[in-house]
Amino acid sequence: MGKQQTQCRRDEDLTGQLGTRLRHFMHLESTSATLLVIASLLALAWANSPWSHGYEHLWETVFSVRFGDVGLSMDLHHWVNDGLMVVFFFVVGLEVRRELAVGELTDRRRMVVPLIAGAGGLLLPAMIYLLLNPSGEAARGWGIVIGTDTAFLLGMLALVGPAVSTQLRIFLLTLTVIDDIVAVSVIGVAYTENLEVGPLVVAGLALIGIFVLDRVKVWRAGPYVLLVLIAWVATLGAGLHASIAGMLAGLLVPAAEPTRAQMEVATSRFRAFRQSPLPTLQRETRDELTRTISVNERLQETLHVPTSYLIVPVFALANAGVDLRNGVLGEALRSPVTWGVVAGLVLGKTLGIGGGALVATRLRLGRLPQGVGGGHVLGGAALSGIGFTVALLITTLAFDSETLQRDAIVGVLISVVLASALGWVIFQVAARFLGQRDAALPKLLSPPVDPERDHVYGAEDAEVTLVEYLDYECPFCARATGTANEVRDYFGPRIRYVVRHLPLTQHPHAELAAVAAEAAARQGKFWEMHKHLFEHQNELEHQDLAGYAGVLGLDVEQFLRDLEDPALAEHVREDMASANASGARGTPTFFVGSHRHEGRYDARTLIAALERSATGETARLGIRSRR
């Protein structure tokens, strides 16, 4: 996937440089959660109104799709649960694959605490439910309490959680990955009775086909979508719940960062089209630009909005409508199934996840993400008790009895209210008494720019300051893309450009290259070596660096001695510690003045941010006096 060459650009997608994308999805999630609540209330009101027969009749309406003698016929309720929800689980699978391939979960060490916490959030709820419902058909409902509705959870986090919760969001997203995989596995194993081998083989071949498409580097989305549809239909025919096909297919769709070669080809095509705007070049340019973004991310971008705004609310409308008249609510409130669901989701999730995280950190098996405290984790654990979508889906599979289904649905709805309220209370207590407010990375540059130590291009008293944490193997850093030149050309003497080192672990030569730049600095040639290293990113071996020193007219013997000087390696490590203290997690990370820049970092965006900073004092906060 070219991970070592290209992961730098979005290594911190869910941390330091989320910006526009994060704000978009946070808005998406909070709006989706609101729509879920509205759809659920509408379903309840409709099912308990004089027009309740219309509600039941709507979802019992049969729809058929036929191609000659082959067809698929289901009532509308099953089209929603077994059809539309496949798209939901497909998107979940896509997100998991992306996180494992190029996102937060590429560093497997970060998975330890969420993994243990997630295990606690699976086992304790099931145990609590079985303690209240140890036998009979009611015992089959233990699977209802193990899942978490990721969309609802993150939506409520945006509504009742800390104002800035990017780091907590990462922790909870990692945790729900485990929940989702286990929940879908439970659906496939525990709630499947009769399997048809023939369709199951077809579904398996379709999934293998998706894997093969990845291996042979097919970049168009169409073939993947076709195989997902085949896997879905075959899974239905096999007797498995189709959510299995959705999740597995999503996990198999490739996610990768664009390679340097892809970016260069796309750029050359665009230049050719600009010089000769012909239809053939337009098509080639469009194809090359599309190729740079993985199929996984393109499908996510296409499906996120309809999934959040349409599919999940429609699912809630179809499944949350419980007729509570004629004493039904009173019976449900006396049912051990109802309270098993409530206790499992609200108490089990809160104590299981919170306790699991506590045990993992106390035993030093791992650490919580920077900026996340125990109160944040406990509040997020409480919100994880919102099982809603997954819980309602498993309810329809676990029980044949309409009474038990109704009791479980009431329990799920009560849990949504109690878990949300409990989460809000915990977050308020954590903020007021523990000082745990924002659950995010630091945003201020630490330490401030020091002209005696830092590498500064421009006057000390320049009007604006741009600081870049960079990696010499990162093809997206400002020098490599030309962004730095464009910004400096625009501002001229008004700008002070500062670079600090942040060599990433996936780039084997980046740290040595950073030391080489510092060695050149001792001979007054930092910026010359800086430029040369970016021009030869794929040639950063020890002998290459010695050659560059000769080309730049340095004393090569002195350069090689300095290359082994521990003081220069320590200088680079100090920059890395500064990056950590400032919330920089990947490269490039920019600071406009003393404030971390979030979102897009093309030249036009950076220029606009710097111009805004020039109207206030932001640009001056990064300056430390020589005195």
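802 is the number of the first residue of the sequence shown in this note's numbering; add one for each residue after it.
C-beta: ideal position from N, C-alpha, C; glycine also.
Starting from residue i, trace the alpha helix (DSSP H) both ways and give me its first and last residue.
i, result
"G872", "Note, G872: premise wrong, no alpha helix (DSSP H); beta strand (DSSP E) at 871 to 876."
"F1360", "1357 to 1364"
"Y1291", "1284 to 1292"
"V1300", "Here V1300 belongs to no alpha helix (DSSP H); instead the beta strand (DSSP E) covers 1296 to 1302."
"T949", "Careful: T949 lies outside any alpha helix (DSSP H) and carries neither H nor E."
"E1203", "1203 to 1234"
"R1401", "Counting along the chain, R1401 falls outside any alpha helix (DSSP H), and DSSP gives it neither H nor E."
"F972", "967 to 991"
"L1148", "That residue, L1148, is in no alpha helix (DSSP H); it is neither H nor E in DSSP."
"Q1324", "Run containing Q1324: none; DSSP gives neither H nor E here."
"E896", "886 to 902"
"F1116", "1113 to 1120"
"W1140", "1137 to 1143"
Reducing DSSP to helix, strand and coil, say where residue i ends up.
i, result
"E1340", "coil"
"S1069", "helix"
"L1027", "helix"
"V1019", "coil"
"F1335", "helix"
"V1265", "strand"
"L1411", "helix"
"H858", "helix"
"Y1349", "helix"
"L1052", "helix"
"H1310", "coil"
"L1271", "strand"
"L1246", "coil"
"R910", "helix"
"H1396", "strand"
"W852", "coil"
"A1378", "helix"
"E997", "coil"
"I1094", "coil"
"T1416", "coil"
"L1125", "coil"
"Q1237", "coil"
"H879", "helix"
"R1386", "coil"
"T1043", "This sequence places Ala at residue 1043; Thr is not what is there. Coil at A1043, not helix or strand."
"R1427", "Residue confidence for R1427 is low, a pLDDT of 33 falling below 50, so the modelled location carries little weight; the figure read from the coordinates is stated next. If DSSP states are grouped into helix, strand and coil, R1427 belongs with coil."
"T1196", "helix"
"E813", "Only weak support exists for where E813 lies, its pLDDT of 42 falling under 50; the coordinates are left without a value."
Hey, could you find the ends of the beta strand (DSSP E) residue i is sitting in?
i, result
"T1108", "No beta strand (DSSP E) contains T1108, which DSSP labels as neither H nor E."
"T1390", "1390 to 1393"
"V914", "That residue, V914, is in no beta strand (DSSP E); its alpha helix (DSSP H) goes 913 to 933."
"S1185", "First-last for S1185: undefined, no H or E at that position."
"S865", "863 to 868"
"H1256", "1256 to 1258"
List the whole-angstrom C-beta distance separating residue i from residue j, where the pair is believed to meet the contact cut-off of C-beta under 8 Å.
i, j, result
"G1188", "S1221", "In fact, because the Cβ distance is near 12 Å, the residues do not count as touching under 8 Å."
"S966", "A1241", "7 Å"
"L1341", "L1313", "7 Å"
"E1329", "L1353", "5 Å"
"K1150", "G1186", "4 Å"
"D980", "G922", "7 Å"
"G779", "I1112", "Past the boundaries of the shown model lies residue 779; the chain is included only from 802 to 1428, so the question cannot be answered."
"G894", "A1050", "6 Å"
"F1292", "V1257", "Not confirmed; about 14 Å, so no contact."
"V1299", "A1404", "The pair is not a contact, with the Cβ atoms about 17 Å apart (cut-off 8 Å)."
"F972", "P926", "With a Cβ gap of about 19 Å, F972 and P926 do not count as contacting."
So the candidates are the options; which of them puts its Cα closest to the Cα of residue i?
i, options, result
"L958", "A1415, Q1359, A1183", "A1183"
"V1013", "P1000, E1085, L1053", "L1053"
"L1246", "D1376, D876, P915, A1415", "D1376"
"A1057", "L1267, H1042, H1333, G904", "G904"
"F1360", "V1316, G1176, G1038", "V1316"
"P1055", "K1018, A1073, L1027", "K1018"
"V871", "G919, L974, A1004, G1038", "G1038"
"W860", "D876, V1299, G869, T1060", "D876"
"A1285", "E1269, C1275, P1294, E1274", "E1269"
"L1305", "A1199, A1231, C1275, T1162", "C1275"
"L1008", "R970, L1027, L1118, N1381", "L1027"
"G1174", "Y992, V1230, R1070", "V1230"
"T1060", "S1383, E1358, N1339", "N1339"
Does any heavy atom of the ligand SAH sit closer than 6 Å to the C-beta of residue i?
i, result
"N882", "Within the structure as shown, the ligand SAH is missing, as the structure has no ligands at all."
Of all the beta strand (DSSP E) runs that stay within the bounds of the stretch 1152 to 1179, which reach a length of 3 or more residues? Counting whole runs of 3 or more residues, the stretch 1152 to 1179 contains no beta strand (DSSP E) stretch at all.
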